[in-house]
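Visitor: Structure incoming, see below.
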Amino acid sequence: MIIPVNIMNIAFIMPHEISVLKTLDSAFRMNLGSFVLIGDKKRIMENCFKHNIDYSRFAIYDCPDELEAIDFCYEHLRKGKCDYVAFGKIPPSYFNRIMNVKEEGQIGSVDVIDLPSLRHYLFISNSSRRLNVDFDDKKKAIIQAEGLIKTLNIKKINAAMITNLNTKTDVLEMNIIRMLLKDDKFHDINICESCTLAALFSANAPNNIYLNNINLLIMRNYEAARIFIDTLRVFTEAKIASILIGGNNYAIDLSETKGGADILFSLLVLNKINKEKKKASYQELSVI
-4 MIIPVNIMNI AFIMPHEISV LKTLDSAFRM NLGSFVLIGD KKRIMENCFK HNIDYSRFAI
56 YDCPDELEAI DFCYEHLRKG KCDYVAFGKI PPSYFNRIMN VKEEGQIGSV DVIDLPSLRH
116 YLFISNSSRR LNVDFDDKKK AIIQAEGLIK TLNIKKINAA MITNLNTKTD VLEMNIIRML
176 LKDDKFHDIN ICESCTLAAL FSANAPNNIY LNNINLLIMR NYEAARIFID TLRVFTEAKI
236 ASILIGGNNY AIDLSETKGG ADILFSLLVL NKINKEKKKA SYQELSVI
């Protein structure tokens, strides 16, 4: 199979679920990318056959053992044979190995939320999955999100620090982060006043998401972000892309997607990121 250089090549590790295979079939027909499937080849082919999916559209590598699949995917990414990775049902402890991140717990995440009631995307960023998070971690989360948000052609970032009680400590932390970002010359990032989630979505609150065009939320930690996202899924029809960031690598965390709509949205976001990265690389080469 000849792959155009501008098409993203993404490796899916342990993609055995029917919802994943069906979504990849749709994504292929939408020309969203070239897909490499790493897992139990027999199981993948049987599931494709049962659901009338043409498995010849994918490059399938037989690695039924979990550790074998992880090592194969690591080498595939390291040698530049794929641009991105999508993690199926494997323990998060293996993410660092595949994405070549040395320090434990330093894989960040940015969730991209398409909420029907909002005219713009909403982003939630975490610099790690640690429970204890300080202002430096939150600053890193904002900078991490800034890189991804800019690739989606969103020029201005309005970030809100989400608190439970909006204490003096929360206000102090917000002001420190605001000062540090200003010193580092992140002029396109506006730190709004810290607020509770209830106030954020209240039309009567002065710092609500609608009036202030807030598009980035920084929660207390990763667990608080997951609770908020799970609540959104229960009460809204939001589509959510879960993007992992480790070093210079992007990945999709399939365990944080719920169904084909989320997976397809994640691929659309990653495809947009890929196009912008390829465009930037081409412009750099043109200057040389």
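Numbering follows our numbering, with no gaps: position 123 of the sequence shown is 118.
For glycine and all other residues, C-beta sits at the position ideal for the given N, C-alpha and C.
Count the other CB atoms, across all protein chains shown, that sit within 10 Å of the CB of E141; report buried if there are 16 or more and exposed otherwise.
Guide: The residue in question, E141, is buried, as its Cβ has 16 or more Cβ neighbours within 10 Å.
Visitor: For D109, which three-state DSSP category applies?
Guide: In this structure, D109 counts as strand in the three-state DSSP scheme.
Visitor: Could you name the residues that DSSP lists as bridge partners for K234?
Guide: Answer is D109, bridged to K234.
Visitor: Considering only residues of the region 54 to 103, which uninterrupted alpha helix (DSSP H) runs meet the minimum length of 4 residues and lie entirely inside it, listed in chain order?
Guide: Here the runs fully enclosed are 61 to 73 and 90 to 94.
Visitor: Using only the alpha-carbon positions, how far apart do Y245 and L147 sit?
Guide: About 14 Å.
Visitor: Excluding sequence positions up to five away, which residues of its chain have a Cβ less than 7 Å from the Cβ of E41?
Guide: Here the set comprises nothing.
Visitor: According to the Cβ coordinates, are L239 and S104 closer than 8 Å?
Guide: Contact: yes.
Visitor: Can you give me the C-alpha to C-alpha distance between V264 and G75, rounded to a whole angstrom?
Guide: The straight-line gap from Cα to Cα measures roughly 21 Å.
Visitor: Output the distance between the C-alpha atoms of D109 and I102, rounded to the nearest integer angstrom.
Guide: Distance between the alpha carbons of D109 and I102 is about 23 Å.
Visitor: Using the Cβ count rule (16 or more neighbours within 10 Å means buried), how would you classify L176?
Guide: It is buried - the Cβ of L176 has at least 16 other Cβ atoms within 10 Å.
Visitor: Evaluate L62 with the Cβ neighbour count: other Cβ atoms within 10 Å of its Cβ, from every protein chain shown; 16 or more gives buried, anything less gives exposed.
Guide: Counting Cβ neighbours within 10 Å, L62 comes out exposed, since fewer than 16 surround it.
Visitor: What did DSSP end up calling I184 once you bin it into helix, strand or coil?
Guide: Correct three-state label for I184: strand.
Visitor: Count the other CB atoms, across all protein chains shown, that sit within 10 Å of the CB of N269; report buried if there are 16 or more and exposed otherwise.
Guide: When all chains shown are included, N269 counts as buried.
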